[in-house]
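Note sheet for the following structure.
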Ligand code: SF4
């Protein structure tokens with residue numbers, strides 16, 4: 005059955021045309037689905053009974069609520085959703101029931117939601133618990149948006165980051181469709197500058213993203229030395245970081261759009277002075293910031309450990325002195341496995 009939730013105005017217009025519904029029905033549907041957030045076709049009271057009856061024959065509004073919520077001592081909440089295969093998700097490689105996670109991060113002046121775009125991930129970054137669980141499917145736009153619409157904090161959200169499970173550029177169409185709903189006047193009407201999309205650097209898709217969207221971009225860098233980066237991020241082989249940075253230099257980052265490089269500090273792997281020097285050489289002159297992340301120990305990567313606090317401090321101050329804005333991201337929700345790189349949930353395993 006077709007899921008109406010997550011469809012764009014033009015997709016709904018096409019549907020209405022096919023079904024012979026009045027032209028304005030598509031806008032009315034957007035209003036019910038996104039502005040009013042209803043999940044029952046019967047509640048769409050300005051549609052005629054005939055239109056509603058036909059919609060119920062051919063479609064649903066699939067808005068499942070999370071099946072679990074864990075609350076961290078720091079106020080971070082991790083919501084769990086079952087992967088329901090509500091549409092044409094086809095890339096399933098096993099029959100097990102899987103779950104995906106969404107993390108709500110409240111701060112003094114903002115409330116951020118970190119959404120997943122896939123169940124598992126194909127990218128195989130060696131330090132990441134999501135990468136270790138393999139790939140089980142890509143989420144539809146509706147499933148991505150439902151993570152936002154179905155949590156009790158929905159109305160408080162100020163920012164969305166596509167930094168949960170999966171690689172957004174590997175599920176490009178669904179990610180962009182969800183962003184269209186968030187940012188269009190027929191959807192939520194958010195500014196694209198409230199949205200950040202992350203990537204390991206799938207170059208052709210990053211280029212499309214930069215050409216087709218105004219959202220912020222966060223690149224998972226983690227090591228500036230190609231021969232070392234490839235050992236922890238296999239995607240480096242296909243999409244070298246130097247080529248990615250060359251592409252990024254062709255865009256204007258001086259205005260509203262922000263470019264961030266994420267750098268997880270792993271003891272003895274990427275955290276010495278030589279790495280800091282190489283990082284500066286790689287990014288010199290590019291209008292960007294580097295966001296250091298303390299590595300979170302994970303059972304799936306027992307050989308990796310967090311860098312010492314003093315090492316992180318030195319690394320950060322070296323970059324700042326060299327003119328590269330460098331911040332240290334506060335770890336949130338580590339006690340409920342909601343922190344960066346820890347999202348991985350399969351049935352029967354209590355993360
Ligand atoms: Fe995938 Fe991101 Fe984990 Fe890499 S770090 S395996 S891209 S979820």
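Numbering (this note's numbering), first residue to last: 5 to 355.
Even for Gly, the Cβ is constructed at its ideal location relative to N, Cα and C.
Give me the residue from 244, 154, 313 with the minimum Cα distance to residue 204. 244
With a 10 Å radius around its C-beta and 16 neighbouring C-beta atoms as the bar for buried, classify residue 165 as buried or exposed. buried
Taking only the alpha-carbon atoms, compute the straight-line gap between residue 142 and residue 317 and give it to the nearest angstrom. 37 Å
Inter-residue Cα distance where the pair is residue 343 and residue 79: 12 Å
So is residue 341 buried or exposed if we call it buried at 16+ other beta carbons inside 10 Å? buried
Taking the beta carbon of residue 268 as the centre, do at least 16 other beta carbons fall within 10 Å, making it buried, or is it exposed? buried
Is residue 111 a contact residue of the ligand SF4, with contact defined as CB to any heavy atom under 7 Å? no
Assign residue 18 to one of three DSSP states: helix, strand, or coil. helix
Close-in-space but distant-in-sequence residues of the same chain around residue 300 (CB under 8 Å, 5 per side omitted): 310, 335, 338, 343, 344, 345, 346
Per DSSP, the bridge partner or partners of residue 164: 117, 199
Cβ neighbour criterion (16 or more within 10 Å) applied to residue 312: exposed
With a floor of 3 residues, list each beta strand (DSSP E) that falls wholly inside the stretch 120 to 152, ordered by position along the chain. 122 to 124, 139 to 142
Inspect the beta-carbon positions of residue 71 and residue 84 and report whether they are closer than 8 Å. yes
Spatially closest choice to residue 192 from 168, 174, 162, 127, by CA coordinates: 162
Just verifying my parser: in three-state terms, what is the DSSP assignment at residue 94? Because the pLDDT at residue 94 is just 45, under 50, the model does not fix this residue reliably, and the value given afterwards should be weighed accordingly. Three-state DSSP puts residue 94 in coil, outside helix and strand.
What residue range does the alpha helix (DSSP H) around residue 34 cover? 29 to 34
Would you tell me roughly how many angstroms separate the C-alpha atoms of residue 19 and residue 50, rounded to the nearest one? 18 Å
Taking DSSP as the reference, what is the three-state secondary structure of residue 38? helix
How would you call residue 147, buried or exposed, if buried means at least 16 neighbouring beta carbons within 10 angstroms? buried
Where does residue 273 fall in DSSP's three states? coil
In the DSSP output, which residue or residues are listed as bridge partners for residue 293? 264, 329
Should residue 171 and residue 125 be called a contact, given that it needs their Cβ atoms to be closer than 8 Å? yes
If you follow the beta strand (DSSP E) that residue 179 is part of, which residue opens it and which one closes it? No beta strand (DSSP E) holds residue 179; the alpha helix (DSSP H) holding it covers 176 to 187.
How would you write the range of the beta strand (DSSP E) that residue 108 sits in, first residue to last? 103 to 110
Can you list the residues near the ligand SF4, meaning Cβ strictly closer than 5 Å to any non-hydrogen atom, in the order they appear in the chain? 125, 127, 129, 132, 134, 135, 171, 204
Excluding five sequence neighbours on each side, which residues of the same chain lie with their C-beta closer than 8 Å to the C-beta of residue 354? Low confidence applies to residue 354: its pLDDT is 38, below 50, so where it sits in the model is not reliable enough to give any reading.
Straight-line CA distance for residue 180 to residue 222? 16 Å
First and last residue of the uninterrupted beta strand (DSSP E) at residue 310: From DSSP, residue 310 is part of no beta strand (DSSP E); its letter is neither H nor E.
Comparing alpha-carbon positions, which option in 287, 304, 303, 160 lies nearest residue 324? 287
What's the gap between the Cα of residue 23 and the Cα of residue 15? 12 Å
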